[in-house]
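The opening position of the sequence shown corresponds to residue 1 in the working numbering, with each subsequent residue numbered one higher. Read the structure below first, then the notes.
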Amino acid sequence: MATQHWQRVKEIFNSAIELEPEERASFLNAACAEDHSLRKEVESLIRAHDEEGSFIDSPAYEVAAELFTDDAADSLVGQQMNHYRILSPLGTGGMGEVYLAQDTKLGRRVALKLLPESFTKDEDRLHRFQQEARTASALNHPNIVTIYEIGEEAGRQYIATELIEGETLRERLSSGAMEIVEALDITLQAASALAAAHEAGIVHRDIKPENIMIRRDRFVKVLDFGLAKLAERKSAELDSKAPTRMRGNTSPGVVMGTVQYMSPEQARGLIVDERTDIWSLGVCLYEMLSGSAPFKGETPTDVTVSILEREPASLSALSDDVPAELDWIVKKALRKDRDERYQTAREMKGDLRSIKQQLEFDARQKQTDRQQSNEAETIAAAGAQPHKRMTDEAVRTDEIQEARATTTVKPALSFTKGGTRSPLLTLVILLVVAAVSVVIYNLLTRNQSQTASSDKNVATSAPAVENITRITAWPGLDTHPTLSPDGNSVAYSSNHNGSFEIYIKQLTPGGREIQLTSDGQENFQPAWSPDGQLIAYYSKKRGGIWVLPTLGGTARQLTDFGSAPAWSHDSKWIAFQSDANPDLGSSSVGSSTIWIVPAQGGSPKQITKVGNPAGGHIGPSWSSNNQRIAFIVLNYTTQQVWSVSITGEDLKQLSHRPSTPSAQSPGWKDPIQGRASYPLYSPDGRNLYLVVGPAVWMLPISPEDDEPVGEPVRVTDTGASLINNLTLSADGKKLAYGVQTLASNIWSLSVSPNGLAVGNPKQLTNQTGARNTQPAFSADGRKLAFLEFLQGGRVSLWVADSDGSNPTPTTANGNIPSWFPDGDQIAFTSARENHWNVWVTSLQKGREHVLFDAGRDVQYARVSPDGRQIAFNLADEKGVINLWTVPVSGGEPKQLTFDQELKSRSS
């Protein structure tokens with residue numbers, strides 16, 4: 001189209017829209033005469049003008065794109081618009097022409113968008129456009145294109161924006177469906193942009209592949225934020241029954257297509273909100289995964305009917321590669337009722353991020369499995385035995401599958417001494433991985449061996465484990481699972497959407513996850529009421545115990561302190577521990593005690609007292625007759641299970657009981673010297689389930705007084721480092737627990753004398769199934785001692801060169817290595833003689849012996865720089881810990897600190 005012709009079209013169009021509709025026909029007869037092509041172009045613009053809504057609601061000036069041809073665009077090349085020199089046309093669209101321009105003030109290239117004159121004649125609309133553009137420019141989000149300036153030159157309004165070099169999502173889709181991780185990456189970045197805009201009160205309303213740019217570095221930018229409201233009607237309140245406004249077809253070369261991304265409320269002419277953008281983004285994600293749009297039709301009308309009345313084909317049905325969880329996310333974004341959609345972009349982003357992390361982890365795990373398989377084949381072919389450390393690291397993945405995700409960095413300091421070398425700071429990086437698993441078994445088949453006999457030596461066998469099933473696969477930490485009374489659902493706390501919230505998931509095939517809390521208050525430790533109607537939980541940020549209906553509703557606060565709630569079986573009381581986390585960082589270990597509070601509200605009542613027994617009292621569990629409460633006693637050296645009557649009397653130790661010939665009960669000396677936790681009574685009160693190391697054990701007890709009546713038996717062994725919580729269904733047939741696998745490695749970082757990092761960190765160990773921790777450099781910096789914790793609780797002391805090479809096991813059952821100045825001897829603590837004391841080993845002689853025995857547990861010890869003293873901590877019979885020293889050459893220990901009592905919440 002020639003420039004003169006374009007000017008003629010503009011003149012006639014501008015004059016026509018100033019007339020009343022009934023006057024326009026006669027005007028066009030005169031103005032266009034016999035030029036039918038001219039009249040057709042003007043009439044198409046008039047129709048677009050008359051139908052104008054928002055840019056997403058109606059075609060408006062997308063039709064005007066026909067007028068901005070190459071000839072018209074080329075006519076502006078080389079011209080100056082204020083301080084922008086136009087270099088070349090970039091394209092055309094609903095907002096007008098877009099040019100590559102040079103900012104002569106700042107010396108940068110920009111995208112310059114020129115708006116049609118007729119679009120900006122209305123001062124009210126122009127004012128609103130400027131206000132909205134300012135709002136959009138203030139978003140300052142990395143995934144939103146930056147608006148540099150809005151201005152006017154020679155009657156033309158322009159917008160100068162960041163220049164994005166790359167391709168649009170539309171161009172990327174021209175080659176078909178994408179890989180899932182790539183599609184998720186693009187959608188996540190777009191969702192992040194939408195979340196920021198929505199929280200600033202801006203709705204895009206035109207999310208489509210043309211408005212999503214992908215830079216060459218795969219960074220995503222969302223275009224045209226805030227511009228959609230420029231064409232908004234003054235009378236924006238539309239009747240909910242208004243007929244759907246359809247767009248006309250455009251001429252070749254003018255891209256429309258927006259109708260495919262319209263939400264149902266847009267198609268009906270309703271007022272839109274943030275959930276419209278969520279729909280449109282869901283359409284884009286569907287198209288990225290499948291290669292085609294979810295709603296199709298030969299005409300715009302057909303497409304709109306599809307949007308309003310039909311459901312798209314399931315993505316998982318179209319491709320086996322699309323996991324069911326991702327299919328569910330897309331379906332939720334495309335709910336026709338916007339109240340059933342994701343309500344915020346941030347919520348959708350959380351689910352997308354979780355599934356992306358899981359897919360990436362699965363891919364890494366497959367690669368690791370292939371590598372290990374290849375290594376095993378190589379070893380077998382060579383006739384060699386696998387390295388001891390590799391066999392010890394084996395994880396029983398055939399029994400329990402685990403989701404791995406969260407990484408936590410925990411620094412431990414160790415410096416070289418002497419010379420001019422820079423000191424080294426070693427970093428221990430822990431990879432925390434977790435998932436909730438359900439162990440389903442039948443106790444009824446074993447009842448014949450679990451009688452109520454008064455015989456104190458009843459032989460008991462373990463219940464048969466029928467099946468182990470993973471029920472969550474979200475990345476992040478899924479923790480504190482608890483089964484519903486009917487055994488058909490599980491509640492747990494998870495951070496896969498950001499903060500820790502309470503979730504419920506049905507155990508039936510295809511059971512959906514339901515988020516119960518969403519207040520961002522870091523909610524943990526859900527506990528079902530016996531009737532299944534309520535869940536009590538601990539709110540970390542708000543503090544205390546809260547109760548919430550399982551069907552949703554308003555949470556009510558029971559206490560302003562405490563955690564780990566546990567319901568009595570008659571639903572009248574909730575037991576809890578007073579402190580969320582017993583203080584293990586000071587000598588006042590054990591400040592937590594056990595309390596109960598009426599479930600309907602009232603004053604809490606303290607059950608156990610500080611120091612009786614010594615240690616922190618945590619993790620309460622009710623007996624089946626509601627007369628006793630089992631709990632953990634936690635301190636530095638032991639973790640025992642005790643029980644107490646609800647009157648606070650009759651304390652009884654249940655685990656780690658001494659086994660002597662004179663004892664009436666055979667008791668239980670922990671078979672693996674582990675730390676017992678998560679006591680749980682069976683429904684009939686005849687067994688107490690415990691977690692010890694990586695295993696679940698069952699201790700037969702008397703239901704009348706909790707007295708042990710038989711030896712403990714192992715129920716199941718996860719092969720993992722940590723079992724997280726334990727819960728039974730009301731009938732005792734289903735057991736749920738969380739599985740947490742920990743892995744850590746040692747890194748080194750050079751540090752200058754003034755404390756600044758020099759160079760990059762270097763990884764010294766490479767573990768995937770064990771924890772390397774407690775690093776200590778020798779005085780000359782040539783050797784590195786560290787501990788290796790293996791699956792199942794085994795621990796050993798290793799020594800390697802300072803770069804991590806040549807690792808060699810030195811001793812088993814060692815802890816907290818500390819070098820002597822000679823670089824040969826290492827002090828460590830060990831409990832191999834029934835209590836913890838200080839040992840020393842010689843690398844050259846290969847011999848070790850007890851260096852110091854305090855008669856009580858010594859768990860932490862350090863050699864002085866001159867090698868003459870040992871500093872250690874020592875707990876008295878009340879659990880109070882103080883610091884001592886003792887000469888290496890022998891002599892009496894000297895007490896350095898004098899703490900005398902434990903601290904607790906005042907009763």
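Cβ atoms here follow ideal geometry from the backbone N, Cα and C, with glycine treated the same way.
Cut-off 7 Å between Cβ atoms - residues of its own chain near residue i, not counting five sequence neighbours on either side
{"i": "residue 766", "result": "745"}
{"i": "residue 336", "result": "264"}
{"i": "residue 763", "result": "745 and 747"}
DSSP three-state assignment for residue i, whether helix, strand or coil
{"i": "residue 617", "result": "strand"}
{"i": "residue 848", "result": "strand"}
{"i": "residue 550", "result": "coil"}
{"i": "residue 646", "result": "coil"}
{"i": "residue 518", "result": "coil"}
{"i": "residue 540", "result": "coil"}
{"i": "residue 87", "result": "strand"}
{"i": "residue 624", "result": "coil"}
{"i": "residue 527", "result": "strand"}
{"i": "residue 14", "result": "helix"}
Beta-carbon gap between residue i and residue j smaller than 8 Å
{"i": "residue 557", "j": "residue 619", "result": "no"}
{"i": "residue 696", "j": "residue 715", "result": "yes"}
{"i": "residue 281", "j": "residue 207", "result": "yes"}
{"i": "residue 528", "j": "residue 562", "result": "no"}
{"i": "residue 597", "j": "residue 574", "result": "yes"}
{"i": "residue 114", "j": "residue 158", "result": "yes"}
{"i": "residue 702", "j": "residue 622", "result": "no"}
{"i": "residue 818", "j": "residue 850", "result": "no"}
{"i": "residue 838", "j": "residue 813", "result": "no"}
{"i": "residue 106", "j": "residue 88", "result": "no"}
{"i": "residue 678", "j": "residue 691", "result": "yes"}
{"i": "residue 717", "j": "residue 753", "result": "no"}
{"i": "residue 549", "j": "residue 730", "result": "no"}
Member of the options whose CA lies at the smallest distance from the CA of residue i
{"i": "residue 188", "options": "149, 278, 201 and 260", "result": "278"}
{"i": "residue 875", "options": "85, 799 and 895", "result": "895"}
{"i": "residue 635", "options": "689, 650, 625 and 592", "result": "592"}
{"i": "residue 841", "options": "887, 816 and 217", "result": "816"}
{"i": "residue 957", "options": "760, 626 and 537", "result": "Nothing can be reported for residue 957: it is not among the residues displayed for the chain, which extend from 1 to 907."}
{"i": "residue 787", "options": "809, 802 and 805", "result": "809"}
{"i": "residue 133", "options": "802, 146 and 813", "result": "146"}
{"i": "residue 565", "options": "629, 148, 356 and 81", "result": "629"}
{"i": "residue 650", "options": "613, 519 and 33", "result": "613"}
{"i": "residue 739", "options": "492, 322, 77 and 307", "result": "492"}
{"i": "residue 184", "options": "196, 169 and 198", "result": "169"}
{"i": "residue 314", "options": "321, 305 and 331", "result": "331"}
{"i": "residue 912", "options": "826, 855 and 755", "result": "Outside the shown range of the chain, which is 1 to 907, sits residue 912, and nothing can be said about it."}
{"i": "residue 344", "options": "599, 708 and 193", "result": "193"}
Any C-beta of chain D under 8 Å from that of residue i
{"i": "residue 518", "result": "This model lacks chain D altogether, as it is built from one protein chain only."}
Chain-order list of residues whose beta-carbon lies under 6 Å from that of residue i (same chain, five-residue window excluded)
{"i": "residue 293", "result": "260 and 287"}
{"i": "residue 12", "result": "31 and 42"}
{"i": "residue 160", "result": "110, 112, 148 and 149"}
{"i": "residue 885", "result": "869, 871 and 894"}
CA-to-CA distance, residue j to residue i, given in whole angstroms
{"i": "residue 130", "j": "residue 150", "result": "7 Å"}
{"i": "residue 781", "j": "residue 860", "result": "22 Å"}
{"i": "residue 215", "j": "residue 181", "result": "17 Å"}
{"i": "residue 284", "j": "residue 25", "result": "42 Å"}
{"i": "residue 148", "j": "residue 521", "result": "38 Å"}
{"i": "residue 609", "j": "residue 653", "result": "15 Å"}
{"i": "residue 775", "j": "residue 799", "result": "10 Å"}
{"i": "residue 141", "j": "residue 220", "result": "11 Å"}
{"i": "residue 450", "j": "residue 700", "result": "For residue 450, the predicted structure reports a pLDDT of 38, less than 50, and the residue's modelled location is therefore unreliable. The matter cannot be settled from this model."}
{"i": "residue 843", "j": "residue 824", "result": "5 Å"}
{"i": "residue 218", "j": "residue 210", "result": "16 Å"}
{"i": "residue 736", "j": "residue 525", "result": "14 Å"}
{"i": "residue 432", "j": "residue 478", "result": "Its pLDDT being 35, under 50, residue 432 is placed unreliably in this model, and the value from its coordinates should be taken loosely. When rounded, the distance between both Cα atoms is 11 Å."}
{"i": "residue 517", "j": "residue 676", "result": "31 Å"}
{"i": "residue 848", "j": "residue 547", "result": "55 Å"}
{"i": "residue 603", "j": "residue 638", "result": "32 Å"}
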